[in-house]
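In what follows, a single structure is set out as structure tokens and then discussed.
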Ligand code: ADP
Ligand code: MG
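Numbering (full-length UniProt numbering), first residue to last: 1 to 248.
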């Protein structure tokens, strides 16, 4: 279980200080997906970067199963908003990057690589460069990279936001299918209500300046795209929108 306790982050100092998040606590249970949702600027990416060890909190702690998080020992898959692909490396090299940095290469990984690449429809694209791919294809390369790592913790920052609505829904389906095989503990930042309801069993709403987690809701609709057309799903979406805006 990943827990943020009383986390605050200030950027800068003195007169230029920006209080990005204040006294935020949140736990993601092992083997679940938690979505962090909120308006632009409320501190979602900041909290995710704290989880990845990329930003040091000004106050508070981040623990995994009670132990302070250490990116050197905990395997963290971080999927940034722009997919984080290296322009000068091929698709194959980009996918292998995470696992290679961790210094692990084995016949087991080779077969996991082949399987992932086939499932994500990337087999014919392995020798291309990122600029030769569509947004959806780049996104699939990013997913292949993090899932090949078999991370203990997956952190995704608005992974599907830059995609058109149709591609976004098909990528959500791809994510669910990969996730059902590995059940990686996942913290997903999104600003799409439907995306949170489709993918995450719990949804944390952030709001305010500085931002903090204002509410957490359980979501029974996660994991199955078939719910999307139901009246109950729509009603829950309306409820969530109101919470994001600061009402209820
Ligand atoms: P979100 O992802 O919810 O849009 P962010 O975490 O990116 O929000 O930003 C939260 C606040 O912190 C915003 O006011 C933003 O301008 C500020 N901020 C983010 N990154 C930096 C930075 N590197 N330096 C200074 N301020 C920053
Ligand atoms: Mg952000």
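We put the beta carbon where it would ideally sit given N, CA and C, even for glycine. Predicted model only: the values in this text are computed from it and were never measured.
On a CA-only basis, which of 24, 7, 36 is nearest residue 155? Give me that one, please.
-> 36
Alpha-carbon to alpha-carbon, residue 44 and residue 139 = 20 angstroms
Proximity to residue 68 [Cα-Cα], best of 7, 218, 200 | 7
Reduced DSSP category for residue 147 - H, G, I as helix; E, B as strand; rest coil = helix
Residue 230 CB to nearest heavy atom of the ligand MG below 7 angstroms = no
Exposed or buried, what is residue 137 when buried is set at 16 or more other beta-carbons lying within 10 Å of its beta-carbon?
-> buried
Buried or exposed: residue 231, going by 16 or more other Cβ atoms within 10 Å of its Cβ?
-> exposed
Beta carbon of residue 149, beta carbon of residue 246: below 8 angstroms?
-> no
Examine the ligand MG and report whether any of its heavy atoms sits within less than 7 angstroms of the Cβ of residue 189.
-> yes
Would the C-beta of residue 11 count as close to the ligand ADP, meaning under 7 angstroms from any of its heavy atoms?
-> yes
Can you find a heavy atom of the ligand MG that lies under 7 angstroms from the Cβ of residue 157?
-> yes
Is residue 206 helix, strand or coil by DSSP?
-> strand
Sorry if obvious, but does the Cβ on residue 43 come closer than 7 angstroms to a heavy atom of the ligand SAH?
-> Ligands present in the displayed structure are limited to the ligand ADP and the ligand MG, and the ligand SAH is not among them.
Helix, strand or coil: how does DSSP classify residue 214 here?
-> strand
Comparing the CB of residue 20 with every heavy atom of the ligand ADP, is any distance shorter than 7 angstroms?
-> yes
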